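Undergrad: Sharing a structure below in structure tokens format, with a few things to ask.
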Amino acid sequence: MEFRQLSYFLHLANTGSVSQSAKALGLSQPSLSRQIQQLEDNLQAQLFKRHHRPMTLTDAGEFLYRHIKEPLHELEQAMALTRRFGESCQNRLIIGSVGSVIHGLLPEVVSKFRQMVSDDHSEFDIKVVEMSFEQQITALKAGEIDVGFARSVSHDSLIHQAFLRHEPQVLAVPKWHSLANHTSPIKLSQLATDTLILYHHTTDTPTMAQSDPLLQLFEQAQTQPKNSVRVRDIQIALAMVAASEGVTIVPDSLTGVRHEQICYLPLAHDFSSAIYINTLAHNPVPHLASLYQAIISVYEHHQIHITTKLSDMNCCNDK
549 MEFRQLSYFL
559 HLANTGSVSQ
569 SAKALGLSQP
579 SLSRQIQQLE
589 DNLQAQLFKR
599 HHRPMTLTDA
609 GEFLYRHIKE
619 PLHELEQAMA
629 LTRRFGESCQ
639 NRLIIGSVGS
649 VIHGLLPEVV
659 SKFRQMVSDD
669 HSEFDIKVVE
679 MSFEQQITAL
689 KAGEIDVGFA
699 RSVSHDSLIH
709 QAFLRHEPQV
719 LAVPKWHSLA
729 NHTSPIKLSQ
739 LATDTLILYH
749 HTTDTPTMAQ
759 SDPLLQLFEQ
769 AQTQPKNSVR
779 VRDIQIALAM
789 VAASEGVTIV
799 PDSLTGVRHE
809 QICYLPLAHD
819 FSSAIYINTL
829 AHNPVPHLAS
839 LYQAIISVYE
849 HHQIHITTKL
859 SDMNCCNDK
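Throughout the sequence shown, residue numbering follows the numbering used here, covering 549 to 867 in sequence.
What follows is the structure, given as structure tokens:
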């Protein structure tokens, strides 16, 4: 029995079509059929009901599918990650980040980091890609990025996560909004007649407050906005605020965005948004120590306290 035969079996079980699976796997139909037949011979059990269209699994096939699907996926994932240990990444760093961090202090961090490594690595390549937290986890495992910046907690054993800080959240309103000149912190109950602009990537559920972080804040404050609209990202949300289409709540580091048209106000509630750095758990990242030092430098410049130690990071000695 071969590993690839089990992979072929899973693929065929999902499609129910020899022609479709053969095409996707880059095999001829006779070759795929022969591999499945060899697997059945080794197991001494028929796995597919071949007279059905699409093909369906026998009881033995269902049993095998149920017991190898997750272990085989984990094995393939482990093999892909193992291959990364042999890859050279001394002269590049690819960063994935959620939009709210990209449009905050990350550009300053990357600029400082570039200055720190440029002396020893004149051709060092740094790339920043905007992606959601879920996309970052997938990209880290696939080797598509080296580091991720996100605001969600990871429970994946293959991901190492280091907490950076809690960032206060502020209210963004148009400059001509009735609350724009308020000198005291704003309560969410004062926004009962406003449209709330949502920008997080979430899955719609019957109760929206269960999925959207901004609506969760209103739920915590035991109030709700008059209505809400959803846009693709935080930049569009702030553009709509500037156009008087509503209000939104953003991390404090974005207060420099469209400040000519938007007034950023403190909230009376203790709302904050965490920032984490994500890396692969067992694959130390060269230059991560320098990236961390760049973060400290930028944070100190903005008088931001950071409690994370270098030992908490998943890094190796800079070359």
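C-beta: ideal position from N, C-alpha, C; glycine also. These numbers come from a predicted model, not from an experiment.
1) In whole angstroms, what separates the C-alpha of Lys-675 from that of Ser-838?
2) How about the segment 758-773 and the segment 811-826: do they share at least three Cβ pairs that are nearer than 8 Å?
3) Check this for me: beta carbons of Ala-787 and Leu-706, under 8 Å apart or not?
4) So if DSSP puts His-621 in a beta bridge, which residue, or which two residues, is it bridged to?
5) Taking DSSP as the reference, what is the three-state secondary structure of Ile-693?
6) Measuring CB to CB, does Ser-555 end up less than 8 Å from Leu-620?
7) If you drop the 5 nearest sequence neighbours on each side, which residues of the same chain put their C-beta closer than 8 Å to that of Ala-570?
8) Are any of the Cβ atoms in chain C nearer than 8 Å to that of Gly-647?
9) Would you kindly check if the distance between the Cβ of Arg-640 and the Cβ of Phe-611 is under 8 Å?
10) At which residues does the beta strand (DSSP E) containing His-559 begin and terminate?
11) If Leu-858 and Tyr-847 are in contact, beta carbons under 8 Å, what's the gap, nearest whole angstrom?
12) Starting from the C-beta of Gly-652, find all residues in its chain whose C-beta is less than 7 Å away, skip the five residues before and the five after it, and write them out in chain order.
13) On the CB-based measure, 16 or more other CB atoms within 10 Å of its CB, does Ile-825 come out buried or exposed?
14) Helix, strand or coil for Phe-596? Go by DSSP, reduced to three states.
15) With a CB to CB cut of under 7 Å and the five nearest residues on each side skipped, what residues in its chain are close to Ala-687?
16) For Gln-594, collect the residues of the same chain with a Cβ closer than 8 Å to its Cβ; drop the 5 residues on either side in sequence, then sort them by chain order.
17) Using a threshold of 8 Å, state whether the C-beta atoms of Arg-778 and Ala-790 are closer than that.
18) If you draw a straight line from the C-alpha of Phe-557 to the C-alpha of Arg-601, how long is it?
19) What is the rounded straight-line gap between the Cα of Lys-617 and the Cα of Ala-690?
20) Are the beta-carbon atoms of Thr-856 and Leu-712 separated by less than 8 Å?
21) How would you label Gln-684, buried or exposed, when you count the other beta carbons within 10 angstroms and need 16 or more for buried?
22) Compute the minimum distance between the beta carbon of Asp-694 and the heavy atoms of the ligand GTP, and state whether it is under 7 Å.
23) Using DSSP with H/G/I as helix, E/B as strand and the rest coil, what is Thr-803?
24) Check for me: the beta strand (DSSP E) holding Ile-843 runs from which residue to which?
25) Using the rule of at least 16 other Cβ atoms within 10 Å of the residue's Cβ for burial, across every protein chain shown, is Ile-810 buried or exposed?
26) Name the DSSP bridge partner or partners of Asp-673?
27) Could you pull the DSSP bridge partners for Pro-716 from this structure?
28) Since Ser-648 contacts Arg-598 with CB under 8 Å, what's their CB separation in whole angstroms?
29) For a quick check, are the C-beta atoms of Ile-745 and Ala-710 less than 8 Å apart?
30) Can you tell which of Lys-735, Ile-844, Thr-743 has its C-alpha closest to the C-alpha of Ala-875?
TA: Concretely, from the data shown:
1) Residue 675 sits at position 127 when you count from the first residue of the sequence shown. Residue 838 sits at position 290 when you count from the first residue of the sequence shown. Using only the alpha carbons, I get a separation of about 16 Å.
2) yes
3) Counting from one through the sequence shown, the residue named residue 787 turns up at place 239. Counting from one through the sequence shown, the residue named residue 706 turns up at place 158. Result no, Cβ atoms of Ala-787 and Leu-706 do not sit closer than 8 Å.
4) Indexing the sequence shown from 1 puts residue 621 at position 73. Note: His-621 sits in no beta bridge, so no partner.
5) For the purposes of this step, residue 693 is identified with residue 145 of the sequence shown, where counting begins at 1. Coil, per DSSP.
6) Taking the sequence shown and counting its residues from 1, one reaches residue 555 at position 7. Taking the sequence shown and counting its residues from 1, one reaches residue 620 at position 72. Cβ distance < 8 Å, so Ser-555 and Leu-620 count as in contact.
7) Within the sequence shown, residue 570 is the residue found at index 22, counting from 1. Excluding positions up to five away in sequence, the list reads Ser-576, Gln-577, Ser-579, Leu-580.
8) The displayed structure is made up of one protein chain only, and chain C is not part of it.
9) Taking the sequence shown and counting its residues from 1, one reaches residue 611 at position 63. Taking the sequence shown and counting its residues from 1, one reaches residue 640 at position 92. It is not a contact, given that the beta carbons lie outside the stated cut-off.
10) Position 11 of the sequence shown, counted from the first residue, corresponds to residue 559. Unbroken run through His-559 is the alpha helix (DSSP H), 551-563; no beta strand (DSSP E).
11) Position 310 of the sequence shown holds residue 858. Position 299 of the sequence shown holds residue 847. Their Cβ separation, rounded to whole angstroms, is 14 Å, which puts Leu-858 and Tyr-847 out of contact at 8 Å.
12) Residue 652 sits at position 104 when you count from the first residue of the sequence shown. Pro-799, Ser-801, Leu-802.
13) If you number the sequence shown from 1, residue 825 lands on position 277. Burial call: buried.
14) Mapped onto the sequence shown, residue 596 falls at position 48. It is a strand residue.
15) Numbered from its first residue, the sequence shown carries residue 687 at position 139. The residues are Gly-644, Met-679, Ile-693.
16) By one-based count along the sequence shown, residue 594 stands at place 46. Excluding positions up to five away in sequence, the list reads Glu-588, Thr-606, Ala-608, Gly-609.
17) On the sequence shown, residue 778 is found 230 positions in, with the first residue counted as 1. On the sequence shown, residue 790 is found 242 positions in, with the first residue counted as 1. Not closer than 8 Å, so no.
18) Looking up residue 557 in the sequence shown gives position 9. Looking up residue 601 in the sequence shown gives position 53. For Phe-557 and Arg-601, the distance between alpha carbons rounds to 16 Å.
19) Here residue 617 refers to the residue found at position 69 of the sequence shown. Here residue 690 refers to the residue found at position 142 of the sequence shown. C-alpha separation (whole angstroms): 19 Å.
20) Here residue 856 corresponds to residue number 308 of the sequence shown, with the count starting at 1. Here residue 712 corresponds to residue number 164 of the sequence shown, with the count starting at 1. Their beta carbons are under 8 Å apart, which means Thr-856 touches Leu-712 by this criterion.
21) Counting from one through the sequence shown, the residue named residue 684 turns up at place 136. Buried, by the Cβ-count rule.
22) Because no ligand of any kind appears in the structure shown, any question about the ligand GTP cannot be addressed here.
23) For this step, residue 803 is matched to residue 255 along the sequence shown. Residue state, collapsed to three classes: coil.
24) By one-based count along the sequence shown, residue 843 stands at place 295. Taken as a continuous stretch (DSSP letters only), Ile-843 belongs to no beta strand (DSSP E), being part of the alpha helix (DSSP H) at 836-849.
25) Translated into the one-based positions of the sequence shown, residue 810 becomes position 262. By the neighbour-count rule (16 or more Cβ atoms within 10 Å), Ile-810 is buried.
26) Residue mapping note: residue 673 aligns to position 125 of the sequence shown, counting from 1. Asp-673 is bridged to Arg-640.
27) Start at 1 with the first residue of the sequence shown, and residue 716 comes out as number 168. Note: Pro-716 sits in a beta bridge opposite Ser-820.
28) Against the sequence shown, residue 648 aligns to sequence position 100. Against the sequence shown, residue 598 aligns to sequence position 50. Rounded, the Cβ-Cβ distance is 53 Å, inconsistent with contact.
29) Mapped onto the sequence shown, residue 745 falls at position 197. Mapped onto the sequence shown, residue 710 falls at position 162. The answer is no: Cβ separation not under 8 Å.
30) No answer is possible for residue 875: the residues shown for the chain start at 549 and end at 867.
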